[in-house]
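A short write-up of the structure that comes next.
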Amino acid sequence: MNIFEQISDYLNQGDEDKVAELTDRAIAQEIAAKTILDEGLIAGMEIMGAKFKKHEVFLPEVLLAAKAMHAGMTKLKPLLIREGIPAKGKVVLGTVAGDLHDIGKNLVGIMLKGAGYEVIDIGHDAKPQLFIDTAKKEDARVIGMSALLTTTMPMMRKVVELLKEDNPGGKIKTMVGGAPVSKDYAAEIGADAYGYDGANAVQCVEELIAGG
Amino acid sequence: MKTFLERIKNGDVLVGDGAMGSFLMDMAGDLIKGTSPEVVNLSKPEVLEQVAKMYFDAGADLIQTNTFGGSPLKLADYKMEDKTEEINRAAVQAVRKVTGNKAYISASVGPSGKMLKPLGPVSEVQMFDNFYRQIKVLVEEGVDILCIETMTDIKEAVLALKAARDISKTIPVMSTMTYNPSPRGFFTIMGVNVEKAARELAEFGANLVGSNCGNGIENMVLIAREYKKYSKLPLIIQANAGLPELQDDKPVYPENPEFMAGQAFELIDAGVQVVGGCCGTTPEHIRAFRRTVDNM
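Heads up: the sequence lines are chains U and L, in that order. The opening position of the first sequence corresponds to residue 8 in this note's numbering, with each subsequent residue numbered one higher. The opening position of the second sequence corresponds to residue 679 in this note's numbering, with each subsequent residue numbered one higher.
Pasting the structure below:
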């Protein structure tokens, strides 16, 4: 098993110490940070994402893998910056105002980070203007909104409407998700995408950013 | 009045109540906006009485207290953990005013909203203490039943159950989990299946096991049958009225009282002895359940 497969394996076991140790070892072998990231950490998270999608693993396994990913990323980050690797794009994530449920939102964040995106998490009960201000300040490409309560879903519409008035060139895209949210609802409020689960949310972001 | 457990042992089917949240939104929307729904217990307990009365009049045998988010870890989200005792006490007292001794008071105990280590910040001792503090007040207030509900992590559910049993060996405890359907069967988001829940909840002293919330009552029939494969305990099911759709920014639940009451036959047939509602169910749903049970 090569070092990338080992990193991926331990990441899937949620072993953060081993992932950190192997990432160090790969760096010592003078492998490019970007290669370690893509073929070790991201490849590992992709496997985890696929297993999650097939209901072979659940939230605990994904959270532990994310911790392991983070341990590896901490080692790689300074090198990635030094290598001048352009970031894949930023996503602002939050649970909308009035809603305190953040498990789904966190899961999407983990999956996005796992796919190499930078995630700016504005937490739960996030006011509509905060989504927009943060996205502009951080030069983010996508705003992701989560709601678990039917009563807070209208806040998603609010964000989409606020953004319409203040989004030069339509550069910032919107994505919505959460248990009561549907594809139809996303279309009705004019959101650009609906992510039905963590893995699908990554796909949505990829398409939104590729679509410019 | 016979005790709850005497009736369960006798094979009776009892009717629970329905949703609380929608009424709180209607009657105390301004109060609970951006904070815990449990604030109503202190600032407007008459609302709790009104809701309890609607379900009592609809024929519910069990009335739940508004204490789902009443554990200190959960209340801490709103910096209200200091009020744990008063909040839980007031909720029981409001229901008792309505039920007297004509219906059972079932104390709702929901998830802490925090994860256990290593996934989250909470140790097992802290989690146990969290539920102990809430349940102690509820038992002191003399509730008839504890309903530890909507759990997704079996470890958290068991810690709540252990706290309950530490406080009282005899109080009836109903333990429910919330499952999602998948091609591989029903699992909670934490990956717990019905078999595991049935086994562990029985081992740690639940009197009834089952499920609440979920994805509509038809799935609940399947979940109930699954429980029966692994458990000899009587079952409790509190189904929601399907997954809501928003119409003009108002949630509309697809399953009407007649439909749910029809499915209640199937639930009872599968061994369910407490049948009640969750999100989206109304006094009309409970009235329909009542008719179903009375006509059996």
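Ideal Cβ placement from N, Cα and C applies to all residues, glycine included.
query                                                                                                                   : result
Contact set between Y192 of chain U and chain L, taken where Cβ atoms lie within less than 9 Å                          : E923 and L924
Euclidean distance between Cα positions of G202 of chain U and A122 of chain U                                          : 15 Å
For L692 of chain L, the residue or residues it bridges with in DSSP                                                    : L:V952
Assigned secondary structure, F65 of chain U (DSSP; H/G/I helix, E/B strand, else coil)                                 : coil
Cβ pair T157 of chain U, P922 of chain L closer than 7 Å                                                                : yes
N890 of chain L - DSSP class collapsed to helix/strand/coil                                                             : strand
Any C-beta of chain U under 7 Å from that of M868 of chain L                                                            : yes
At least three beta-carbon pairs within less than 8 Å, the segment 206-217 of chain U to the segment 937-952 of chain L : no
CB of A942 of chain L within 7 Å of CB of V953 of chain L, strictly                                                     : yes
Same chain, Cβ closer than 8 Å to A835 of chain L, five either side skipped, listed in chain order                      : I826, M829, S853, M855, A875, E878 and L879
Integer Cβ distance of G888 of chain L from Y905 of chain L, believed to fall under 8 Å                                 : 7 Å
Where H158 of chain U falls: helix, strand or coil (DSSP)                                                               : Looking at the sequence itself, residue 158 of chain U is Thr, so the reference to His does not match. Here T158 of chain U sits in helix by DSSP.
Backbone CA spacing between D927 of chain L and Y192 of chain U [nearest angstrom]                                      : 10 Å
Under the three-state DSSP convention, the category P935 of chain L falls into                                          : helix
Range of the contiguous beta strand (DSSP E) that encloses T102 of chain U                                              : K97 to T102
Whether A50 of chain U touches L83 of chain U by CB criterion (7 Å)                                                     : no
Interface partners of L797 of chain L on chain U, CB under 9 Å                                                          : L66, P67, L70, L71 and K74
Supposed contact pair L911 of chain L and N871 of chain L - C-beta distance, whole angstroms, cut 8 Å                   : About 16 Å; that fails the 8 Å criterion.
Span separating the alpha-carbon of V725 of chain L from that of L709 of chain L                                        : 11 Å
Whether D199 of chain U touches T159 of chain U by CB criterion (7 Å)                                                   : no
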